[in-house]
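The structure under discussion appears below in the form of structure tokens.
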Amino acid sequence: MKNIYNLLTLFVLVFLTAACAQQPIVDPPILSNKWATVYDTDAEGISQAWFKEFPSGKFSGSTWDDWQIKNARYRWHKQSFKVGKLDSTASYLLTCNTIASTSLIWLNGDFLDQVDFTDTYAIKICNYLHENTYNEIIIRNEYKEDSFGILDLKIIKALPDTLISSKKHDYYSMPLYHEPASYVDNLILYEAYIRNMSPSGTFTGLENTIPRLKQLGVNMVWLMPIHPIGRKNKMGTLGSPYAVRNYFTTNSRYGGLSQFSSMRSMLHRNKIKLIIDAVVNQTASDHPWVNDYPAYYQQNNDGKLLAPPGSNRKDVLALNYDNENLRVRVISYFDFWLEQGVDGFRYNESDDIPRDFWQNVRDHFKENNINPFLLSGSDNPEHVLFGMDAVAGWDLYRTFTDIANGKADASSIGKTLANEIKKYPKETKVLHFAENHETARATKALGTMDHHLALFTIFTAPGIPMIYCGEELNDPTYMSLYDKTDINWYKIHWPTYNLISKLSRFRTSSPILTKGNLHQIADTKSVGGFSRRYRNETWFILMNYSEKEQTYQCDVKTTVFSDGTSGVIRHGRVKLKPKGYCIVK
Numbered sequence: 349m350k351n352i353y354n355l356l357t358l359f360v361l362v363f364l365t366a367a368c369a370q371q372p373i374v375d376p377p378i379l380s381n382k383w384a385t386v387y388d389t390d391a392e393g394i395s396q397a398w399f400k401e402f403p404s405g406k407f408s409g410s411t412w413d414d415w416q417i418k419n420a421r422y423r424w425h426k427q428s429f430k431v432g433k434l435d436s437t438a439s440y441l442l443t444c445n446t447i448a449s450t451s452l453i454w455l456n457g458d459f460l461d462q463v464d465f466t467d468t469y470a471i472k473i474c475n476y477l478h479e480n481t482y483n484e485i486i487i488r489n490e491y492k493e494d495s496f497g498i499l500d501l502k503i504i505k506a507l508p509d510t511l512i513s514s515k516k517h518d519y520y521s522m523p524l525y526h527e528p529a530s531y532v533d534n535l536i537l538y539e540a541y542i543r544n545m546s547p548s549g550t551f552t553g554l555e556n557t558i559p560r561l562k563q564l565g566v567n568m569v570w571l572m573p574i575h576p577i578g579r580k581n582k583m584g585t586l587g588s589p590y591a592v593r594n595y596f597t598t599n600s601r602y603g604g605l606s607q608f609s610s611m612r613s614m615l616h617r618n619k620i621k622l623i624i625d626a627v628v629n630q631t632a633s634d635h636p637w638v639n640d641y642p643a644y645y646q647q648n649n650d651g652k653l654l655a656p657p658g659s660n661r662k663d664v665l666a667l668n669y670d671n672e673n674l675r676v677r678v679i680s681y682f683d684f685w686l687e688q689g690v691d692g693f694r695y696n697e698s699d700d701i702p703r704d705f706w707q708n709v710r711d712h713f714k715e716n717n718i719n720p721f722l723l724s725g726s727d728n729p730e731h732v733l734f735g736m737d738a739v740a741g742w743d744l745y746r747t748f749t750d751i752a753n754g755k756a757d758a759s760s761i762g763k764t765l766a767n768e769i770k771k772y773p774k775e776t777k778v779l780h781f782a783e784n785h786e787t788a789r790a791t792k793a794l795g796t797m798d799h800h801l802a803l804f805t806i807f808t809a810p811g812i813p814m815i816y817c818g819e820e821l822n823d824p825t826y827m828s829l830y831d832k833t834d835i836n837w838y839k840i841h842w843p844t845y846n847l848i849s850k851l852s853r854f855r856t857s858s859p860i861l862t863k864g865n866l867h868q869i870a871d872t873k874s875v876g877g878f879s880r881r882y883r884n885e886t887w888f889i890l891m892n893y894s895e896k897e898q899t900y901q902c903d904v905k906t907t908v909f910s911d912g913t914s915g916v917i918r919h920g921r922v923k924l925k926p927k928g929y930c931i932v933k
């Protein structure tokens, strides 16, 4: 009997084991109503990246019932769920019936969306699910009156298109992934092209201009690409600097690493930081990787290497960030140049690179306790959500040109800046400029007087003002990317030079300009501007875009900064000369 009992027991165990092993994983995956929950009373979840490593030792509950806890502004929830083989022919969507609080959603560490009070909601998650393993969804709810989280959250397949609406993100309420260093508030950037920055077109030539840059008030230089240029299908006589043939050295025409080091040291001795253009979306078509590592590149079905999206250029090929080995190689490029003493990078065509890579880069820097300045070449709000410090301010530039072309008036300045603030997450740094290497010269596109008004605007607005090399000169020549442009660097336009120098010193000594909030004012078609407020002080930033003298009324008594003529003429009344500008309080 004992042997029969043992055999029966063994049979039952084998049967149960086989049944469990053969139990299929439900498709689509099922979310339960049980969540690991943490109350974020100190609002530290974002800075401590709870969306990547949930604080398992801080559980305050197992469900998200009884959400109304007023002493905790944020509440975080986590749930793990098993995903099997995904159906490649179907769409997987995260849906719910009601969202009753401002919420951020992550799936497997990737940010999905920011959502607010709404009814039926759905978002595609096909690209974020991981097959044949456990997946993790994390949600952060923000407490508001009558808020209670998300109801009936589930994953479904093949939701009818009628239920998927294209919505505009409210980026302003989203948290920055990375908090920029404190010095970023005071940055005055100068974009320099080594080839055309001096008669010699070398690092030593730029080194000799440092006293002039310092006098202008510059405290960060952005060098356009400094690497060897591809020869195959090159553009122009010398080729595009954005067709990089070797990431780990310098263009010999500019000088070697020793000359680069000397220039960098001199910049740092003068308290000027240095960032370099990182062209990591593409390489030259004769880069060694083309033959050695073709999998690093985007290819069509026939295996042909492709140019960057939307481009028909033949001198460059697009990199493939689905290749993990490429990602490792690119990060090693950043590490190499940080070892050479650079303070950060400007990312070329950053929209062409998956956003999760930028997050990986910032995580890599954080793990190594370094904090380089990372500038996006795009105006994409998502870039500051994934680790960048600043984005390009193309909206304001377009407003400058629209005013010059009669398509807009002075009131557009304040409106553009106010809309810009709403467009980005709070505290985003936006790089503002009147010209750069992709635009016409400001004196040509805007005219000298409107150029000065644009300079006045970018130095008094929130964000980071930038000057392009030669902008301070008298009628500067347009600089070719592909050939050597001869420029007379002694032909300084002193009104422009002195204005930049004066504005730089004034900005860096005025916390209200580097830290203050921006508000719109009652502007007109002729007189535009905005106000800046910091602590208990308000300044009015005013500019007259007309050819006639204008007056403006506001509650002010004192002129703080002026073109020499414009300013307060009596309490509550400001006079602005034609094309004049001033700051009053």
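For the sequence shown, counting from 1, position 433 maps to 781 in the numbering used here; every step adds exactly one. Note that beta-carbon positions come from the ideal geometry of N, C-alpha and C, so glycine has one too.
My assumption, with CB atoms under 8 Å, is that residue i sits in contact with residue j. Please give the rounded CB distance.
| i | j | result |
| --- | --- | --- |
| Glu539 | Met572 | 7 Å |
| Trp570 | Arg694 | 5 Å |
| Arg880 | Gly864 | 4 Å |
| Leu586 | Ile577 | 7 Å |
So the candidates are the options; which of them puts its Cα closest to the Cα of residue i?
| i | options | result |
| --- | --- | --- |
| Ala740 | Glu479, Phe781, His799, Thr787 | Phe781 |
| Leu821 | Ile835, Met611, Pro813 | Ile835 |
| His800 | Ile471, His841, Val664, Asn581 | His841 |
| Tyr387 | Tyr491, Ala752, Gln688, Phe721 | Tyr491 |
| Leu379 | Ile869, Glu672, Leu501 | Leu501 |
| Gly876 | Leu890, Asp375, Leu442, Tyr882 | Leu890 |
| Pro824 | Leu674, Gly795, Arg579, Ser894 | Gly795 |
| Ala299 | Ala802, Lys505, Thr481, Arg883 | Any question about residue 299 goes unanswered here, given that the chain covers just 349 to 933. |
| Arg789 | Ser395, Val908, Thr749, Tyr772 | Thr749 |
| Arg855 | Val638, Pro843, Trp887, Asp634 | Trp887 |
| Lys933 | Ser914, Asp903, Ser439, Ile679 | Asp903 |
| Thr776 | His635, Gly735, Phe399 | Gly735 |
| Asp390 | Leu829, Trp424, Ser530 | Trp424 |
| Leu686 | His785, Ala756, Asp625, Leu674 | Asp625 |
| Ile679 | Leu460, His635, Asn629, Gly658 | Asn629 |
| Ile837 | Met545, His867, Thr844 | This sequence places Trp at residue 837; Ile is not what is there. For the residues Met545, His867, Thr844, the minimum Cα distance to Trp837 belongs to Met545. |
Would residue i and residue j qualify as a contact pair, given that the criterion is a beta-carbon distance under 7 Å?
| i | j | result |
| --- | --- | --- |
| Ile917 | Lys925 | no |
| Trp742 | Asp727 | yes |
| Thr764 | Thr791 | no |
| Tyr590 | Val627 | yes |
| Pro720 | Gly692 | yes |
| Gly651 | Tyr830 | no |
| Gln607 | Met522 | no |
| Tyr519 | Phe551 | no |
| Ser894 | Ser914 | no |
| Ser451 | Asn475 | no |
The beta strand (DSSP E) spanning residue i covers which residue range?
| i | result |
| --- | --- |
| Phe909 | 907–910 |
| Ser451 | 450–455 |
| Asn483 | 481–490 |
| Arg921 | 921–924 |
| Ile815 | 812–816 |
| Leu441 | 440–444 |
| Lys502 | 502–505 |
| Phe693 | 692–695 |
Quick check: does the Cβ of residue i come within less than 6 Å of any heavy atom belonging to the ligand ATP?
| i | result |
| --- | --- |
| Gly928 | Ligands in the displayed structure: none, and consequently the ligand ATP is not present. |
Whole angstroms are fine: how far does the CA of residue j sit from the CA of residue i?
| i | j | result |
| --- | --- | --- |
| Tyr422 | Lys619 | 40 Å |
| Tyr595 | Glu768 | 34 Å |
| Asn708 | Ile815 | 30 Å |
| Gly393 | Leu779 | 28 Å |
| Lys472 | Val676 | 28 Å |
| Leu758 | Asn483 | The sequence shown places Ala at residue 758, not Leu. Cα-Cα distance, rounded: 52 Å. |
| Leu851 | Phe804 | 7 Å |
| Gly912 | Cys930 | 9 Å |
| Asp580 | Val664 | According to the sequence provided, residue 580 is Lys. The question's Asp does not apply to it. Cα to Cα, Lys580 sits roughly 9 Å from Val664. |
| Thr631 | Gln646 | 11 Å |
| Gly920 | Phe909 | 16 Å |
| Glu555 | Ser548 | 11 Å |
| Ile485 | Lys426 | 6 Å |
| Pro702 | Leu455 | 16 Å |
| Cys444 | Ile498 | 7 Å |
| Leu861 | Arg883 | 12 Å |
Going by DSSP, what residue range makes up the alpha helix (DSSP H) through residue i?
| i | result |
| --- | --- |
| Leu722 | It is not in any alpha helix (DSSP H) - Leu722 instead sits in the beta strand (DSSP E) that spans 721–724. |
| Gly553 | 551–555 |
| Gln607 | 605–617 |
| Val732 | 730–733 |
| His799 | 796–808 |
| Thr791 | 790–793 |
| Arg593 | Counting along the chain, Arg593 falls outside any alpha helix (DSSP H), and DSSP gives it neither H nor E. |
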